[in-house]
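Written out below as structure tokens is the structure these notes cover.
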Amino acid sequence: MATLHPRFRIALLVLAALIAIAVTLSAWWLYRPNPRYAGTLALAGLEQPASVRFGAHAVPSIDAKSIRDMVFAQGFVVARERLWQMDLLRRLAGGRLAELFGEGALRADRFYRTIGLARAADHTFEALEPRWRDLLARYAEGVNAYRDRAIAAMRLPLEYQLLGLAPAPWRPQDSLLVGAYMAWVNASNLREELVFLRLAQRLGTQRALELFPTGPGQPAPEAARALPEYRLKTSRSDAPSSPERLDADPASTSLREPDDRRQPDAFARSTPQAASNAWAVTGRWSEGGALLANDPHLPAQLPAPFFELEMQAPGYHAAGVALPGVPFVLIGHNRQLAWGVTASAADTQDLFLERMSEDGLAVLRPGGGTEPISVRTERIAVLGRESPVQLDVRSTSHGVFIDELVAAPNANPAGLISVQRPERLALKQTLVEADRSLVALFRLNQAQTLDEARAATRDLRQVSLNLLFAHRNGRIAWQVSGLLPVRGRGSGAFPVPGWEAGYGWTGFRPFSENPGLSDPPAERLVNANNAMSESEASPPIGYSWLAPFRAQRIEALLDARGGDARLGDARLGDARLDDAQWGDPQLEHARLGDTDPGTQPGDTELVDTGLGLDAADMARMQSDRVSEEARLYLAALERQLPELRQIDPEAAAIAESELLSWSGRFDQDSRSAALFVMLRPALYRALYADELGPDLEALMGLEHEAYGPLAETMRADRSSFWDDVRTPEKREGPALVWARALHAAKRSLHEALSDEDEPTLAQLRQLTFRHAFAGQPLLGRLFNLGPLGHGGDNGTIDVAIAPLGRPRDIGNVPALRVVYTPNEWSQTRGTLPLGQSGHRFSRFRADQLDDWLAGELHRWAWGGPPAGQSLGTLVLRPGSG
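When the count follows this note's numbering, it moves up by one through the sequence shown with no breaks and lands on 887 for the last residue.
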């Protein structure tokens with residue numbers, strides 16, 4: 007055998023050594039940003055020593071000698087894992103992305119500068135008392151202590167190193183800016199008002215109102231009947247849609263405004279409003295005191311929206327999750343009580359149409375008067391430009407003008423549809439009022455009684471939430487936060503004419519009139535963004551309620567056990583709504599089976615133990631994937647089955663073989679669930695496309711944000727849209743609409759998964775946790791996590807919200823699951839969808855994902871990490887280092 011020449015052997019050894027060195031240096035560079043979880047650090051700005059004990063998932067338990075040092079330590083610890091996320095969010099909200107990312111981010115900057123979140127944060131900061139400004143400054147000092155060390159040691163997150171950037175110092179106002187952005191995300195109704203305006207331009211005001219029910223059997227509010235006619239005689243959308251589009255593929259993009267997720271500023275796109283589930287039980291419903299379950303729903307993003315932690319200082323002890331960039335615990339518990347949140351769907355935004363004066367410097371007012379237009383100038387720095395871009399923002403007493411933001415498709419990063427009107431569009435919102443959420447969080451974190459907790463929410467002014475509470479003494483309560491506008495004329499649900507008398511805000515309700523309740527007679531409280539009030543006499547806080555299906559499912563599961571049965575380990579599928587709950591006597595004719603092809607019948611068990619719910623039962627409910635929405639649709643389909651068999655036997659066969667024997671459970675291996683995912687958009691198109699044409703996609707976009715017209719049609723079997731206006735020679739009815747939709751859905755499913763003989767839900771629909779680099783081909787693959795096949799649906803408790811226009815793409819998911827056990831806080835359990843860390847190569851980036859997918863929860867820290875789960879202790883000492 008030939009031997010290698012000595013020089014060649016030496017060359018190979020040198021090459022191998024160089025490769026080893028390169029691999030070692032690359033690993034050192036990639037892993038260097040990861041923080042340490044044990045040891046001692048000297049931090050300038052810290053006044054006294056503090057300790058941070060880390061649990062198995064890198065969950066910190068911060069113990070400080072003062073609240074000022076505790077907040078400093080919180081800023082430091084959170085920034086070590088999430089600085090990139092915090093920095094990007096403040097830049098997005100403040101309209102300062104373009105100075106880092108150039109022209110591609112200018113659209114997002116224009117939008118958020120116009121909305122004015124940074125101005126709102128500055129206004130709030132100036133209005134706060136010195137004590138609260140000091141705590142914000144302490145948090146900022148903690149963030150900057152990490153920032154400065156990371157820059158000096160070249161340990162900034164990988165994103166900064168790839169872009170060649172460094173973060174600016176964190177300001178106290180930045181925490182308020184992050185809070186203002188979350189209040190904006192939770193605000194309700196603007197999107198719906200814009201969609202209504204666009205449909206009214208086509209159909210006329212009164213006809214468009216039919217498409218905006220406020221709940222089962224509840225039409226649009228009566229006050230809306232007095233609105234003027236918004237139909238435009240020269241509207242580009244007057245003509246009916248062509249007949250060949252009737253059976254359009256539900257996944258088709260041809261009727262939609264272009265999808266720009268690949269644009270450079272794709273990370274800046276907002277998502278539909280936040281949603282959540284929360285329920286509290288006590289008395290006969292629970293075993294061993296009060297229990298509270300909560301799972302907020304937010305975009306599937308990476309890193310996850312929340313950060314888990316525990317904090318202690320003299321006079322303070324709380325555990326839960328914080329919003330990165332904001333001090334204190336947002337959702338969690340203290341020694342005495344726990345709290346969870348859902349979006350309240352309160353209407354805190356109104357859209358006004360403003361007619362301009364002839365000179366364009368004022369708007370018309372009742373009685374022939376005018377109001378001058380105010381102008382403020384924003385200057386936006388843009389990477390690569392020598393001078394900033396000037397943006398003139400105009401406003402009146404009815405709010406800031408947003409018509410330029412919605413003048414064309416994709417003119418804004420928030421996903422608001424385009425609307426073109428001869429009038430200007432002004433947005434009135436509570437965000438212009440000074441906020442006190444920091445004060446509210448601190449007082450809530452320290453509250454000892456339900457009365458104190460409810461009172462603390464008075465200072466949550468900009469964001470309207472449902473807060474549910476559970477106390478160690480077994481009591482439960484509910485409170486709505488936020489400033490609630492008092493209006494003159496109108497309901498607030500739809501755009502109003504600024505030139506007519508009586509419209510507008512006259513102030514805000516006293517906080518004492520915000521809905522709330524302690525010790526409900528039913529001994530349970532349930533909210534899933536559905537309508538909820540103290541009594542029928544209570545004035546509504548809005549009309550854009552989300553569909554009631556998740557709340558109905560929770561109620562049905564509770565009712566099924568009757569307060570004295572224990573939920574077994576199975577999937578809880580036999581609990582059903584009765585006719586009274588639906589309010590529809592026709593449903594007594596529905597006979598839905600409980601067997602899903604691919605699953606075994608009878609896999610649900612209710613075990614009568616004579617005991618109430620325990621924490622494990624509550625957690626199992628959070629993982630429930632049965633959809634009352636699907637059951638409503640299937641009941642409507644079964645009512646049409648006799649006629650369907652006559653007019654289209656093939657469509658009837660699809661219904662009987664693939665849908666009517668299905669339980670409505672959205673398991674990953676369900677074939678029926680996959681077909682139903684495609685059926686909903688097909689039904690929308692079969693029913694409405696002839697009259698709405700390209701505007702149909704705008705209406706479909708509201709389906710997961712409010713109770714929609716299709717669900718109401720399924721419930722009542724009534725609609726003025728059944729007939730196809732493109733076929734005047736005949737009059738269509740429900741059975742024909744169902745036939746067309748069934749064929750279209752079946753065809754679309756086959757086209758989407760042509761390689762699969764029996765396509766399942768997990769094969770059809772994918773979940774991807776998207777990073778800010780998602781729109782970049784190479785970096786997106788490196789930083790994104792997914793795609794993953796996933797179960798659940800828009801209407802299931804274990805929610806997986808997919809827009810009807812893109813039914814294969816999951817958007818919002820549970821951003822946290824937690825079950826509180828006030829009788830013994832150490833038994834409280836929860837999980838995040840990913841992990842604590844935002845660093846790409848951290849082992850804590852996604853270490854909770856498997857548990858989250860399986861519906862498993864881990865024990866939350868209380869008095870330090872759970873026994874046997876300590877990762878290490880980091881000691882923070884005053885000094886410089």
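Built from N, CA and C at the ideal position, the CB exists for glycine as well. Since we're looking at a predicted model, the values are computed, not measured.
The alpha-carbon of residue 839 is positioned some 12 angstroms away from that of residue 850. Spanning the alpha carbons of residue 707 and residue 701 requires a straight line of approximately 10 angstroms. Between the stretch 859-875 and the stretch 631-651, the count of C-beta pairs closer than 8 angstroms stays below three; the two stretches do not touch. With fewer than 16 other CB atoms across the displayed protein chains lying within 10 angstroms of its CB, residue 525 is exposed.
Straight through space, the alpha carbons of residue 693 and residue 214 are spaced by roughly 15 angstroms. Closest option to residue 284, judged by alpha-carbon separation, among 752, 530 and 657: 530. When rounded, the separation of the alpha-carbon atoms in residue 204 and residue 112 is 26 angstroms. Residue 847 sits in coil when the DSSP states are folded into three classes, being neither helix nor strand. Cβ neighbours of residue 810 within its own chain (closer than 8 angstroms, five residues either side excluded): 256, 686, 687, 690, 706, 707, 709 and 710. Residue 338 sits close to residue 325, with the two beta carbons spaced by under 7 angstroms. Runs of the beta strand (DSSP E) lying entirely within the stretch 352-416, each at least 3 residues long, are 355-360, 368-370, 376-378, 380-386, 395-402 and 405-407 in chain order.
Non-local beta-carbon contacts of residue 140 in its own chain, meaning distances under 8 angstroms to residues more than five positions away in sequence, involve 74 in chain order. According to the DSSP secondary-structure assignment, residue 67 is paired through a beta bridge with 59 and 316. For residue 434, the enclosing beta strand (DSSP E) starts and ends at 430-435. Assigned with DSSP and collapsed to three states, residue 715 falls in helix.
If you draw a straight line from the Cα of residue 384 to the Cα of residue 557, it is about 44 angstroms long. Note that the stretch 639-647 does not touch the stretch 309-325; fewer than 3 beta-carbon pairs, one per stretch, sit closer than 8 angstroms.
Comparing alpha carbon positions, the residue from 658, 428, 329 and 863 closest to residue 741 is 658. For residue 93, same chain residues with a beta-carbon under 7 angstroms away, outside a window of 5 residues either side, are 173 in chain order. Residue 821 and residue 308 have their C-alpha atoms roughly 11 angstroms apart.
Among the bridge pairs identified by DSSP, residue 807 is matched with 818. DSSP places residue 831 in the helix class (H, G or I) of the three-state scheme. In terms of Cβ geometry, residue 630 and residue 797 do not form a close pair [threshold 7 angstroms].
Residue environment: residue 737 is assigned as exposed (fewer than 16 neighbouring CB atoms within 10 Å of its CB, all protein chains considered).
In its chain, beyond the 5 residues on either side, 71, 881, 882, 883 and 884 have a beta carbon closer than 8 angstroms to the beta carbon of residue 55.
DSSP places residue 211 in the uninterrupted alpha helix (DSSP H) bounded by 211-215. Put simply, the backbone Cα of residue 627 is about 16 angstroms away from that of residue 834.
With a cut-off of 8 angstroms on Cβ pairs, the stretch 98-117 is in contact with the stretch 386-394, counting three or more such pairs.
A distance below 7 angstroms between beta-carbons, with the five flanking residues on each side excluded, links residue 376 to the following residues of its chain, in chain order: 363, 368, 369 and 370.
DSSP, read as helix, strand or coil, puts residue 304 in strand. Around the CB of residue 381, fewer than 16 other CB atoms lie within 10 Å, so the residue is classed as exposed.
The criterion of a C-beta distance shorter than 7 angstroms is satisfied by residue 521 and residue 539. Closest in alpha carbon position to residue 805, among 762, 436, 300 and 50, is 300. Scanning its chain for C-beta atoms nearer than 6 angstroms, with the 5 sequence neighbours on each side dropped, one finds around residue 832 the residues 868, in chain order.
With respect to the 7 angstroms criterion, residue 759 and residue 679 are not classified as neighbours on the basis of their beta carbons. Contact between the stretch 153-169 and the stretch 120-127 is absent: fewer than three C-beta pairs spanning the two stretches fall below 8 angstroms.
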